[in-house]
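*Asks:*
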Amino acid sequence: MTDGAATDGTAGTAGATGGGGAAGAPGTAGGVPRWPVTEAEAVAEQERIRAAADPVGPGPAPGRARRVAGVDVTYDEESDLLVAAAVVLDAESLEVLEEAVHTGRSRFPYIPGLLAFRELPPVLAALEKLGTPPDLVVCDGYGYAHPRRAGLAVHLGVLTGLPCFGVAKSPFVFDHTEPGPRRGDASPLLDRRSVPPETVGRALRTQPGVRPVFVSAGHGIGLDHACAHTLRLAPRYRLPETTRGADGLSRRVLREIREGLREPYGAAE
DNA sequence: GCGACAG
DNA sequence: ATCTTGTCGC
Numbered sequence: 403m404t405d406g407a408a409t410d411g412t413a414g415t416a417g418a419t420g421g422g423g424a425a426g427a428p429g430t431a432g433g434v435p436r437w438p439v440t441e442a443e444a445v446a447e448q449e450r451i452r453a454a455a456d457p458v459g460p461g462p463a464p465g466r467a468r469r470v471a472g473v474d475v476t477y478d479e480e481s482d483l484l485v486a487a488a489v490v491l492d493a494e495s496l497e498v499l500e501e502a503v504h505t506g507r508s509r510f511p512y513i514p515g516l517l518a519f520r521e522l523p524p525v526l527a528a529l530e531k532l533g534t535p536p537d538l539v540v541c542d543g544y545g546y547a548h549p550r551r552a553g554l555a556v557h558l559g560v561l562t563g564l565p566c567f568g569v570a571k572s573p574f575v576f577d578h579t580e581p582g583p584r585r586g587d588a589s590p591l592l593d594r595r596s597v598p599p600e601t602v603g604r605a606l607r608t609q610p611g612v613r614p615v616f617v618s619a620g621h622g623i624g625l626d627h628a629c630a631h632t633l634r635l636a637p638r639y640r641l642p643e644t645t646r647g648a649d650g651l652s653r654r655v656l657r658e659i660r661e662g663l664r665e666p667y668g669a670a671e
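Using the numbering used here, the first residue of the first sequence is number 403, and each one after it goes up by one.
1. For T505, which residues does DSSP report across the bridge?
2. From this set, A527, A454, E500 and L554, which residue's C-alpha is nearest V617's C-alpha?
3. Using a Cβ-Cβ cutoff of less than 6 Å, which residues in the same chain neighbour H548 once the five nearest sequence positions on both sides are dropped?
4. Could you tell me the alpha carbon to alpha carbon distance between T644 and R594, rounded to whole angstroms?
5. I'd like the list of long-range same chain contacts for G647, defined as Cβ closer than 7 Å, with 5 residues on each side in sequence excluded.
6. Three or more C-beta pairs closer than 8 Å, one from the region 647-660 and one from the region 575-589: is that the case here?
7. Within 10 Å of its beta-carbon, does R550 have 16 or more other beta-carbons around it, so buried, or fewer, so exposed?
8. Name the two residues that bound the continuous beta strand (DSSP E) containing F519.
9. For S481, count neighbouring Cβ atoms within 10 angstroms of its own Cβ and tell me buried if that reaches 16, exposed if not.
10. When burial is assigned at 16 or more other CB atoms within 10 Å of the CB, is L663 buried or exposed?
11. From what residue to what residue does the beta strand (DSSP E) around T601 run?
12. Relative to the ligand ZN, is the shortest distance from any of its heavy atoms to the C-beta of G650 smaller than 8 Å?
13. Per DSSP, V470 is paired with what?
14. A442 to G620, Cα distance in whole Å?
15. Is T601 closer than 9 Å to L633 when the C-beta atoms are compared?
16. Taking DSSP as the reference, what is the three-state secondary structure of H627?
17. To the nearest angstrom, how far is it from the Cα of S596 to the Cα of V556?
18. What three-state label does DSSP hand S572 in the structure shown?
19. Quick check on this structure: which residue in E661, A454, E447 and V475 has the alpha carbon closest to the alpha carbon of A527?
20. Rounded to whole angstroms, what is the Cα-Cα separation between A455 and L538?
21. Would you mind reading off the limits of the beta strand (DSSP E) that contains S596?
22. Compute the Euclidean distance between the alpha carbons of R469 and R450, then round it to the nearest angstrom.
23. Please tell me whether A682 and H631 are closer than 9 Å, where the distance is taken between their beta carbons.
24. Might you give, ordered along the chain, the residues of its own chain that have their beta carbon closer than 7 Å to the beta carbon of Q448, omitting 5 neighbours on each side?
25. Using a Cβ-Cβ cutoff of less than 8 Å, which residues in the same chain neighbour A446 once the five nearest sequence positions on both sides are dropped?
26. Would you call V503 buried or exposed, if buried means 16 or more other Cβ atoms sit within 10 Å of its Cβ?
27. By a C-beta neighbour count over all protein chains shown, 10 Å radius and 16 as the cutoff for buried, is A463 buried or exposed?
28. Which residue comes first and which comes last in the alpha helix (DSSP H) that contains A619?
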């Protein structure tokens, strides 16, 4: 319960400047007063987010974070429904400590470079349903590795004040060379637009003989610690257990809603 | 103008 | 993101 609030406080690509962000102000920190509405506003907002972010950290090293959260959102294009999930794991045992979900409707389209404005409102809502905030958050996507250095993980870190980094499954617009074949091997993720090319993240092999993941800093934690956490969170599969947990939970809940086994705005679990 | 581009 | 079963392999 405690639901009812609209999810994303955003209109589509068009939309009036004044009206839009009516969703319950989800921000826990960061002092961001309103949610951007137009694409231009979103870009301007990202400049502010970037300026407020700490992509260096170093932040918590493995062993100094106990509650590690994964967040993800699953969409149903037909019904416009969406389910955001937050799964908190024990950093050592990878045991699930807590889960929370938020259901709503998508109100911002997927626009490359502006993913945060689509995913963040429901993700923040899910995180707020946790009984205890996590020590660290792992995002499904990018952080510093972003055209304006303001990917999803940067937004989430700045808005919540929590250490946050991103683990993405594809290289987005960036370049990289194939990392070595062993678990833990890595190569820099490069932005070729910069002169010289800037290292914005790392292609990290979490499992031998499996495609690497792409790690980037977000806020309050640097790339080295982010990669160290990623490796420990992915002892058996390509993706960190945080991501797998949040992805699985959000899919499961969305399916239950589709099958009528669950109310669209039901209580979290 | 076209293409490509996290999820 | 999503469309989608079985199949191959450790």
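Glycine included, each C-beta is placed from N, C-alpha and C at the ideal position.
*Replies:* In short:
1. Within the DSSP secondary-structure output, T505 pairs in a beta bridge with V485.
2. Out of A527, A454, E500 and L554, L554 has the C-alpha closest to the C-alpha of V617.
3. For H548, there are no CB contacts under 6 Å within the same chain when 5 residues up- and downstream are skipped.
4. If I take the Cα positions, the gap works out to 30 Å.
5. If we look at G647 and ignore the five residues flanking it on each side, its Cβ neighbours are G472, V489, L491 and V498.
6. Not touching, per the Cβ criterion.
7. Counting Cβ neighbours within 10 Å, R550 comes out exposed, since fewer than 16 surround it.
8. F519 -> not in any beta strand (DSSP E); alpha helix (DSSP H) instead, spanning L517 to E530.
9. S481 sits exposed, since fewer than 16 C-beta atoms from the chains shown fall within 10 Å of its C-beta.
10. Of the residues assessed, L663 falls on the exposed side of the cut-off, its CB having fewer than 16 other CB atoms within 10 angstroms.
11. E600 to L606 is the span of the beta strand (DSSP E), which, as asked, contains T601.
12. Annotation note on the ligand ZN: not contained in the displayed structure, which lists no ligands.
13. BP columns for V470 point to L491 and L538.
14. Across the structure, A442 and G620 are spaced so that their CA atoms are roughly 22 Å apart.
15. Taking a C-beta distance under 9 Å as the contact criterion, L633 and T601 do not qualify as a contact pair.
16. Helix at H627.
17. Whole-angstrom Cα-Cα distance: 20 Å.
18. Correct three-state label for S572: coil.
19. Distances from the CA of A527 to each of E661, A454, E447 and V475 were compared; the closest alpha carbon is that of V475.
20. For A455 and L538, the distance between alpha carbons rounds to 15 Å.
21. No beta strand (DSSP E) contains S596, which DSSP labels as neither H nor E.
22. Cα to Cα, R469 sits roughly 29 Å from R450.
23. Because the chain spans 403 through 671 in this model, residue 682 falls outside it and cannot be assessed.
24. Within the same chain, Q448 has close Cβ partners R550 and A552.
25. The residues are P438.
26. V503 counts as buried, since no fewer than 16 other beta carbons sit within 10 angstroms of its beta carbon.
27. Taking all protein chains in view, the Cβ of A463 is surrounded by fewer than 16 other Cβ atoms within 10 Å, so the residue is classified as exposed.
28. It is not in any alpha helix (DSSP H) - A619 instead sits in the beta strand (DSSP E) that spans V615 to H621.
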